[in-house]
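Visitor:
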Amino acid sequence: MEHFKTKMLLPSIALIIAFLCCAIGVQAHNETVEEDIIIVARNYVSVELSETGVVMGSKKGRFEPAEFKGVEGTTVLLFMYNRISRDKCVRLVSRLYEMDPAEIEPRVDHVLGFLKDNKLLLTSKYPNPSRNFGMNKFKIEEK
């Protein structure tokens with residue numbers, strides 16, 4: 112019986128540690144950040160990889176497809192599939208391409224300008240706004 116307890120102790124400790132790590136991650140998602148998080152309205156946009164870059168088009172026909180190459184293409188993909196701030200995107204892309212962040216900033220701003228001009232750019236202080244503004248956030252407090 113003692114052998115069984117010892118065999119079950121390690122997996123249960125590992126499971127508890129995994130749950131604690133997840134709980135810490137969820138708590139971090141509920142906190143606000145100092146920089147605005149960029150959120151792209153993905154329901155209105157289609158993104159396809161081409162031989163020379165990334166093509167972003169409108170699902171509703173609101174704008175002509177635009178091709179982004181190199182740094183701009185990487186920026187489009189980062190903003191489409193991650194909720195990150197402008198500054199974090201600049202840091203990530205500058206590390207990836209081993210370029211000075213000052214050279215990357217205008218290119219990231221070009222992509223953000225395209226998203227803003229086509230009304231696809233949303234910002235939030237919350238990394239995951241749907242969790243922070245769910246129905247349970249507005250429950251009436253009982254006295």
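Numbering-wise, the numbering used here puts 213 at position 102 of the sequence shown, and it's gapless, one number per residue.
A virtual CB, placed ideally from N, CA and C, is assigned to each residue, including glycine.
1) Grouping DSSP H, G and I as helix and E and B as strand, with all else coil, what is Glu214?
2) Would you say Ile149 and Arg206 are within 9 Å of each other, going by their C-beta atoms?
3) Just curious, the beta strand (DSSP E) that Thr234 is in, first and last residue?
4) What separation, rounded to the nearest whole angstrom, lies between the Cα atoms of Thr186 and Gly172?
5) Among all the DSSP beta bridges, which residues are the ones paired with Val165?
6) Restricting to Cα atoms, I'd like to know which of Tyr237, Lys236 and Leu226 is closest to Arg153.
Guide: A quick look at the data gives this:
1) helix
2) no
3) Leu232 to Ser235
4) 22 Å
5) Leu160 and Phe179
6) Leu226
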